[in-house]
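Numbering (the numbering used here), first residue to last: 1 to 503.
This is the structure in structure tokens:
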């Protein structure tokens, strides 16, 4: 019987552990540990190079569904080839092995590509041991720029993709941003750009497994990417690492990561498997992960039963900010644009300038003696429109420090005169003016509660808290906020108990 007419899938072969396949993965990990400490820090930061440890690579490879007969694999930003090696080892360990594997590996670093070539040779030997055809190609080029070339892009079509993409911001005026727009992609980071391009290069039914920061799950900056991903693929599984240090501990990377598995095609999956690296797992309706009608397409990761119960209870709160007649905005003072008006201390013709560092213990301590920033801003025609009128406001930090226990940190600020709120703050107000005392105190208590912090972490994988995130929270009624405000002098535990009773 010819190869073309042979039935597929064939009868399962007896499972055989391939020593060569295991050694290809192990050797790639040995090289990673050897060369990683000596990599140029500046170049590594610029390229976002963080190589994949063998246990992570193996976990990613095991996530794929049944292998197609002819595997056409892409590994963008392949590094030394750890992911391709793990994929080959996984494919060869399956009861039904593919007939052939063709691997296309993009790598921009010549030194990495040298090691990559050795890894691919080891993969070829492992496949030969199993009678599986193996071909490979190293593309020594910038993946984003190369994929935007019409001729090359037309030749790139794959049915499996595995990637640990680089991490780094994309400047709006960069060649990368221009190249991505040619491919209909708007995004702000290298990792989301790599994933979006790879999605475009998958054929229908093709599968992608990627490890990336969790930051794409929420926030306005990644909204176009979320729509791109969710409109072109069906999410099948997401695995969340509970520790910020665990995935890339050897490289001292502090980042909340996820491994996600998706299948190319417009059909939305009915359910999604949510998992953690410590063994928690739930099969949930897709509508719980991305709520129907959510124009922002936030991805919510309620993995445990406790998370699911908390999500239901918080989302059952009756009010939005609009219902309460309250708005949230970002502080108007961008200090580097007002350098001539900044003052270390207050004086005649100045207004208070509030930074996140002024927020202490649920209130605001101002001024701060010897403050390394500025305590005041001169009032003139340029700065006057940036000030808020005297009144009572609830402030939250847009960026919480890594050592802070809570993601959302809120304080009540009673401005006795017009004041400047620096751009790293969000502030709650009523039509630009202050809030009633009990409402402000109750709102701050609610935002500082354990329940809200736990809920917020379900769909936020980074330390940034955007005004959009705060607008999308659910809130108690005005009466309930006022009752919380009257409890505000009590301890935080008492407020937490009161808030849990509302849920």
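The C-beta atom is built at its ideal place from N, Cα and C for all residues, glycine as well.
- Message: In the DSSP output, what is residue 211 paired with across the bridge?
- Response: Numbered from its first residue, the chain shown carries residue 211 at position 211. In DSSP, residue 211 forms a bridge with 259.
- Going by beta carbon distance, what residues of the same chain come within less than 8 Å of residue 170, once the five residues before and after it are set aside? Mapped onto the chain shown, residue 170 falls at position 170. So the list reads 176, 177, 180, 187, 188, 189, 190 and 193, once near-sequence residues are dropped.
- Message: As a quick exercise: from 344, 200 and 392, pick the residue whose alpha carbon is nearest that of residue 374.
- Response: Taking the first residue of the chain shown as position 1, residue 374 is located at position 374. The candidate whose alpha carbon is nearest that of residue 374 is 344.
- Using the rule of at least 16 other Cβ atoms within 10 Å of the residue's Cβ for burial, across every protein chain shown, is residue 164 buried or exposed? For this step, residue 164 is matched to residue 164 along the chain shown. Burial call: buried.
- Going by other Cβ atoms of all chains shown within 10 Å of its Cβ, with 16 needed for buried, is residue 341 buried or exposed? Along the chain shown, read from residue 1 onward, the residue named residue 341 stands at position 341. When all chains shown are included, residue 341 counts as buried.
- Taking the alpha-carbon positions, what's the residue 249 to residue 54 distance? Looking up residue 249 in the chain shown gives position 249. Looking up residue 54 in the chain shown gives position 54. Because the pLDDT of residue 249 is 45, which lies under 50, any placement of that residue in the model is unreliable, and the question is left without a value.
- Rounded straight-line distance, which links the Cα of residue 466 to that of residue 145: Within the chain shown, the letter at position 145 stands for residue 145. Within the chain shown, the letter at position 466 stands for residue 466. Computed Cα separation, rounded: 31 Å.
- Query: Do you know how far the Cα of residue 124 is from the Cα of residue 114?
  - Reply: As a working mapping, residue 114 is identified with position 114 in the chain shown. As a working mapping, residue 124 is identified with position 124 in the chain shown. In a straight line, the C-alpha of residue 114 is about 16 Å away from that of residue 124.
- Message: Taking the beta strand (DSSP E) that residue 100 belongs to, which residues open and close that run?
- Response: Along the chain shown, one-based indexing puts residue 100 at 100. If you look at residue 100, you'll find it in the beta strand (DSSP E) that goes 100-106.
- Item | Span separating the alpha-carbon of residue 297 from that of residue 326 | Taking the chain shown and counting its residues from 1, the one referred to as residue 297 is at position 297. Taking the chain shown and counting its residues from 1, the one referred to as residue 326 is at position 326. About 23 Å.
- Message: Bridge partners for residue 414 per DSSP, in chain order?
- Response: In the chain shown, counting from the first residue as 1, residue 414 sits at position 414. Per the DSSP secondary-structure output, residue 414 pairs in a beta bridge with 392.
- Item | Whole-number beta carbon distance between residue 485 and residue 433, since they are thought to touch under 8 Å | Reading the chain shown from its first residue, position 433 is the one you call residue 433. Reading the chain shown from its first residue, position 485 is the one you call residue 485. About 18 Å separates the two Cβ atoms, so there is no contact after all.
- Query: How is the beta strand (DSSP E) around residue 427 delimited, first residue to last?
  - Reply: Here residue 427 refers to the residue found at position 427 when the chain shown is read from its first residue. Residues 425-429.
- Would you mind sorting residue 8 into buried or exposed? The rule is 16 or more other CB atoms within 10 Å of its CB. For the purposes of this step, residue 8 is taken as residue 8 along the chain shown, with counting starting at 1. With a pLDDT of 40 at residue 8, under the threshold of 50, the predicted position of this residue should be treated as unreliable, though the coordinate-derived value follows. Exposed: under 16 other Cβ atoms inside 10 Å.
- According to the neighbour-count rule (16 or more other Cβ atoms, all chains shown, within 10 Å of its Cβ), is residue 252 buried or exposed? In the chain shown, residue 252 corresponds to position 252, counting from 1. The pLDDT assigned to residue 252 is 45, lower than 50, so where the model puts this residue is not dependable, and the model offers no usable value.
- Message: Suppose contacts are defined by Cβ-Cβ distances below 8 Å. Is residue 426 in contact with residue 328 by that definition?
- Response: Reading the chain shown from its first residue, position 426 is the one you call residue 426. Reading the chain shown from its first residue, position 328 is the one you call residue 328. Yes, they are a contact pair.
- Distance, Cα to Cα, residue 279 vs residue 440? By 1-based counting over the chain shown, the position of residue 279 is 279. By 1-based counting over the chain shown, the position of residue 440 is 440. Going from the Cα of residue 279 to the Cα of residue 440 covers about 41 Å.
- Task: Give the straight-line distance between the Cα atoms of residue 147 and residue 78, rounded to the nearest whole angstrom.
- Result: In the chain shown, residue 147 corresponds to position 147, counting from 1. In the chain shown, residue 78 corresponds to position 78, counting from 1. If I take the Cα positions, the gap works out to 15 Å.
- State the Cα-Cα distance for the pair residue 356 and residue 386, rounded to the nearest angstrom. In the chain shown, counting from the first residue as 1, residue 356 sits at position 356. In the chain shown, counting from the first residue as 1, residue 386 sits at position 386. Whole-angstrom Cα-Cα distance: 17 Å.
- Message: With a threshold of 7 Å on Cβ separation, who are the neighbours of residue 482 within its own chain once the five nearest residues in sequence on each side are excluded?
- Response: Mapped onto the chain shown, residue 482 falls at position 482. Only 438, 439 and 442 meet the Cβ criterion.
- Closer than 6 Å by C-beta to residue 137: which residues in its own chain qualify, once you throw out the five before and the five after it? Chain order, please. In the chain shown, counting from the first residue as 1, residue 137 sits at position 137. 104.
- Query: Under the three-state reduction of DSSP, which class applies to residue 64: helix, strand or coil?
  - Reply: Counted from its first residue, the chain shown places residue 64 at position 64. DSSP places residue 64 in coil when its eight states are reduced to three.
- Among 160, 302 and 220, which residue has its Cα nearest to the Cα of residue 84? Within the chain shown, the letter at position 84 stands for residue 84. Looking at 160, 302 and 220, the one whose alpha-carbon comes closest to that of residue 84 is 160.
- Mind checking residue 323: buried by the 16 CB within 10 Å criterion, or exposed? Indexing the chain shown from 1 puts residue 323 at position 323. Exposed.
- Message: Using the Cβ count rule (16 or more neighbours within 10 Å means buried), how would you classify residue 501?
- Response: Residue mapping note: residue 501 aligns to position 501 of the chain shown, counting from 1. Its Cβ having fewer than 16 others within 10 Å, residue 501 is exposed.
- Distance between residue 288 and residue 229 (C-alpha atoms, nearest Å): Along the chain shown, one-based indexing puts residue 229 at 229. Along the chain shown, one-based indexing puts residue 288 at 288. So the alpha carbons of these two residues sit roughly 17 Å apart.
- Going by other Cβ atoms of all chains shown within 10 Å of its Cβ, with 16 needed for buried, is residue 336 buried or exposed? Here residue 336 is taken as the residue at index 336 of the chain shown, counted from 1. The residue in question, residue 336, is exposed, as its Cβ has fewer than 16 Cβ neighbours within 10 Å.
- State the Cα-Cα distance for the pair residue 140 and residue 108, rounded to the nearest angstrom. Counting from 1 along the chain shown, the entry for residue 140 is found at position 140. Counting from 1 along the chain shown, the entry for residue 108 is found at position 108. So the two alpha carbons sit approximately 5 Å from each other.
- Message: Quick test of your reading: residue 352 and residue 198, contact by CB under 8 Å. State the CB separation rounded to the nearest angstrom.
- Response: For the purposes of this step, residue 352 is taken as the residue at position 352 of the chain shown. For the purposes of this step, residue 198 is taken as the residue at position 198 of the chain shown. Rounded, the Cβ-Cβ distance is 49 Å, inconsistent with contact.
- Is the beta carbon of residue 101 sitting closer than 8 Å to the one on residue 91? Numbered from its first residue, the chain shown carries residue 101 at position 101. Numbered from its first residue, the chain shown carries residue 91 at position 91. At a Cβ-Cβ threshold of 8 Å, residue 101 and residue 91 count as neighbours.
- Write down every uninterrupted run of the alpha helix (DSSP H) in the segment 135-191 whose length is 4 residues or greater and which is fully enclosed by it, in chain order. 143-147, 150-155 and 175-182
- Message: Is it buried or exposed, residue 212, if we count other Cβ atoms within 10 angstroms and call 16 or more buried?
- Response: Taking the first residue of the chain shown as position 1, residue 212 is located at position 212. It counts as buried.
- Query: Between which two residues does the beta strand (DSSP E) containing residue 329 stretch?
  - Reply: Looking up residue 329 in the chain shown gives position 329. Residues 327-330.
- Within its chain, find whatever has a CB closer than 7 Å to the CB of residue 423; leave out the 5 residues flanking it on each side and keep chain order. Position 423 of the chain shown holds residue 423. Excluding residues within five positions, the ones whose Cβ falls inside 7 Å are 330, 331, 333 and 334.
- Message: Tell me the rounded alpha-carbon separation between residue 183 and residue 371.
- Response: As a first step, residue 183 is located in the chain shown; it is residue number 183 there, counting from the start. As a first step, residue 371 is located in the chain shown; it is residue number 371 there, counting from the start. Roughly 47 Å between the two C-alpha positions.
- Message: Cutting at 7 Å between CB atoms, please list the residues of its own chain near residue 246, excluding the five before and the five after it.
- Response: Position 246 of the chain shown, counted from the first residue, corresponds to residue 246. Residue placement at residue 246 is poorly supported in this model, since its pLDDT is 48, which falls under 50; the coordinates still yield a value, given next. Excluding positions up to five away in sequence, the list reads 277.
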